[in-house]
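*Asks:* Following the working numbering, the residues of the sequence shown are numbered contiguously, the last one being 242.
Glycine included, each C-beta is placed from N, C-alpha and C at the ideal position.
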Amino acid sequence: MPLTPIDIQNKEFSRSIRGFSPSEVDEFLERVAKDYEEQIKENIALKEKITQLKDKLSHYHKLEETLHNAIVVAQETAEEVKRNATKEAELIRREAERDAARILEDARYKASRILSEHDELYKQAQIYKMRFRSLVEAQLAALEMEDWLSMENRHEEARRA
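(1) Please determine if the stretch 110 to 127 and the stretch 85 to 102 are in contact, where contact requires at least 3 C-beta pairs separated by less than 8 angstroms.
(2) To the nearest angstrom, how far is it from the Cα of isoleucine 125 to the Cα of valine 162?
(3) With a CB to CB cut of under 7 angstroms and the five nearest residues on each side skipped, what residues in its chain are close to arginine 183?
(4) Jot down the residue ranges of each uninterrupted beta strand (DSSP E) in the stretch 148 to 173, minimum 3 residues, whole runs only, in chain order.
(5) If you draw a straight line from the C-alpha of glutamate 145 to the C-alpha of valine 154, how long is it?
(6) Mind pulling the alpha helix (DSSP H) runs of 4 or more residues that sit fully within the stretch 175 to 207?
(7) What does the alpha-carbon distance come out to for the pair isoleucine 208 and leucine 221?
(8) What did DSSP end up calling isoleucine 125 once you bin it into helix, strand or coil?
(9) According to DSSP, simplified to helix, strand and coil, what is isoleucine 89?
(10) Helix, strand or coil: how does DSSP classify isoleucine 131 here?
(11) For arginine 112, which three-state DSSP category applies?
(12) Check methionine 226 in the structure and name its three-state DSSP category.
What follows is the structure in structure tokens.
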């Protein structure tokens, strides 16, 4: 069992004739008890401080672990966001390529249709031109016929009569 300051203060020594001066021994024991009591109080305070520091250290270790986990989660989330963004960009690119191919195909189809219509209109214009030329040539031929002139003469003769 450890010695306490009260044990030191209450300690009595047996007396002898040639022994130490009781008042000096009492004074010294009182001083030792006081110093010992202060050392015990300081020791208790230091133990409490150690306990508090251990608690804080434990708290900081937990906080460090939490922060580490948060950083890991943030990194994983960032990687996931990056992967998703890459996938989305790829989907957008593919869709844009499909749209571009469809638009190009539509444009080719429309251009082909317009060329066909142009060719058809050109053919119709040629046919109209040939028919009109035939009509004009026929009219010219009719004008140049001598019968026409003779018909005119007949009409004049018929008027005179």
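*Replies:* Checking against the coordinates, here is how it stands:
(1) Result yes; three or more Cβ-Cβ pairs closer than 8 angstroms.
(2) Answer to the nearest angstrom: the Cα atoms are 54 angstroms apart.
(3) Cβ within range, chain order: n/a, list empty.
(4) Correct list: empty.
(5) Looking at the two C-alpha atoms, the distance is approximately 14 angstroms.
(6) Fully enclosed alpha helix (DSSP H) runs of 4 or longer: not present.
(7) Going by the C-alpha atoms only, they are around 20 angstroms apart.
(8) Three-state DSSP puts isoleucine 125 in a helix.
(9) Helix, per DSSP.
(10) Reduced to three states, the DSSP call for isoleucine 131 is helix.
(11) Here arginine 112 sits in helix by DSSP.
(12) Three-state DSSP puts methionine 226 in coil, outside helix and strand.
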